[in-house]
Amino acid sequence: MILTDDNFCTIVEAVKQGRNIFDNIKKAIHFLIATNVGEIVTIFVGLLLGLKSPLLAIQLLWINLVTDSLPAIAIGLEPPEKDIMSKKPRDAKKSLFADGLWGKIFVEGIMLRNANIICI
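Going by our numbering, the residue at position 25 of the sequence shown is 28; the numbering climbs one at a time, nothing skipped.
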């Protein structure tokens, strides 16, 4: 880390911004994978039930354009949480998907699939 202004307070702000960026990337990935799991499972269940594809290709493109990109950008630009500096440093060897993130993604994907099936 290079201090350009000879002020050690800059280090604290840099750590705060780094933690915020990491948290926002994790939230955006969580959101994107969960919504896409919901789409995939909806199509898969529809095909298993012998129905025609519940979502056409153009519908999938529209869904991914509108419901994935804009919210993911908004999540990525969220300000830091108030207690971000009181949290312990994260383990650099720990995966982004540690702490049960895959389970949360799967459960949310199934909930989205259920909502999609109800709407269809």
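Cβ coordinates follow ideal geometry from the N, Cα and C atoms, glycine included.
{"query": "Gly41 - containing alpha helix (DSSP H), residue span", "result": "Cys12 to Leu51"}
{"query": "Distance CB(Gly41)-CB(Gly112) smaller than 7 Å", "result": "yes"}
{"query": "Proximal residues to Leu6 (C-beta, below 8 Å), its chain only, five neighbours per side dropped", "result": "Thr13 and Ile14"}
{"query": "Burial state of Phe34 (16 or more Cβ within 10 Å)", "result": "buried"}
{"query": "Cβ shell of Asp102 (< 8 Å), same chain only, five flanking positions each side left out", "result": "none"}
{"query": "Distance between beta carbons of Gly79 and Asn1, contact taken as under 8 Å", "result": "No statement about residue 1 is possible, as the shown extent of the chain runs from 4 to 123 and does not include it."}
{"query": "Sub-7 Å separation of Ala31 and Ala77 beta-carbons", "result": "no"}
{"query": "Where Lys90 sits in the DSSP three-state scheme", "result": "coil"}
{"query": "Per-residue burial, Ala17 [other beta carbons within 10 Å of its own, 16 or more giving buried]", "result": "exposed"}
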